[in-house]
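Everything on this sheet refers to the single structure shown next.
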Amino acid sequence: PYHRGAAYLSGFVDAAAVAGEPVPDFHTHVKTIDGRLAKRRLDHCFVGGMFAGRVRSISADIGEVASDHFPLRVDIDLETPGIAT
């Protein structure tokens, strides 16, 4: 994750850190800083530790204009019984 110290906080985990399908070049915000295009990850989704093993994927919909940040989508398997938590 962008802020490594944020990966675990009081039993919560960063969904991007535990996603079954990691996303290369994952970012939720784009801004030109000092003439350079900066792709940054400013948005996070934290899930309780019991759901960490159920996070399948995470993505940012870079084609959707919602604000200056891209919408964040997290796919969590809530149907398969017996997934280790």
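Residues in the sequence shown are numbered from -15 upward in steps of one, following this note's numbering.
Glycine included, every Cβ here is placed at the ideal spot set by N, Cα and C.
Between His53 and Asp18 a beta carbon distance of about 21 Å is seen, past the 8 Å cut, so the two are scored as non-contacting. Per DSSP, Val49 lies in no beta strand (DSSP E) segment and is marked neither H nor E. Around the beta-carbon of Leu56, 16 or more other beta-carbon atoms lie within 10 Å, marking it buried. Excluding the 5 residues flanking it on each side, Val7 has same chain C-beta neighbours closer than 7 Å at Ile42 and Ser43, in chain order. Looking at the backbone, the Cα of Ala22 and that of Ala3 are separated by about 24 Å.
When beta bridges are read from the DSSP output, Val31 appears opposite Val(-3).
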